[in-house]
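K.L.:
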Amino acid sequence: MEDNIVEIFGKQLDKLMLDKNITDSKLAEDLNMNRSTINRWRRGVRSPNMDTLPLLAKYFNVPATTFITPLNDKKDILIAIEKLDEKNLSDLKRYVHFLLTNQNN
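Each residue of the sequence shown is one higher than the one before, starting from 1 at the first, in UniProt numbering.
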C-alpha cells in the first residue's frame, strides 16, 4: 500500500532531520513552533499548512517538492553508504554478509 501525502511528508522530514542531526525541539525553536507539532509531522499524523512548507524548504535548503516526493530507499541507502568511514563500512559488509547467509534459512 502506498503512503499518503501526509506520511510521505513525515518520512521526508524525519530523514532530513536525521541527516542534519536536528531534534524536534531544535526545529521547533528555530521555526518558532510547538515541539509537538513537529513530532506529529514526523509521525505522519499531520502536515504543515501551505505557508509553512516554504519555510521548511528554506530551513533544510531543499526544494519544497522534496517533502511530497516518496523516498527511494535503495537510492538513499547507497547515498548513506558513501558517507560511511572505513570502520563502519567494514561493519556494514559483515552485517550484509550475515543477512545474506541467514536469508534462506
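Ideal placement from N, C-alpha and C gives every residue a C-beta, glycine not left out.
Going by DSSP in three states, G44 sits in which element: helix, strand or coil?
P.N.:
G44: coil per DSSP, three-state reduction.
K.L.:
Quick one: what's got a C-beta closer than 7 Å to A64's C-beta in the same chain, skipping five residues either side?
P.N.:
Contacts found: L53, P54, A57.
K.L.:
Buried or exposed: Q12, going by 16 or more other Cβ atoms within 10 Å of its Cβ?
P.N.:
buried
K.L.:
Within the stretch 16–79, note down every full alpha helix (DSSP H) run reaching 4 residues or more, in order along the chain.
P.N.:
24–30, 35–42, 52–60
K.L.:
Between D51 and L89, what straight-line distance do the alpha-carbon atoms span, to the nearest angstrom?
P.N.:
In a straight line, the C-alpha of D51 is about 41 Å away from that of L89.
K.L.:
At a cut of 8 Å, does the stretch 16–26 reach the stretch 36–49 through at least three beta carbon pairs?
P.N.:
yes
K.L.:
Return helix, strand or coil for I5, following the three-state DSSP convention.
P.N.:
helix
K.L.:
Starting from the C-beta of V6, find all residues in its chain whose C-beta is less than 6 Å away, skip the five residues before and the five after it, and write them out in chain order.
P.N.:
G44, S47
K.L.:
How would you call F98, buried or exposed, if buried means at least 16 neighbouring beta carbons within 10 angstroms?
P.N.:
exposed
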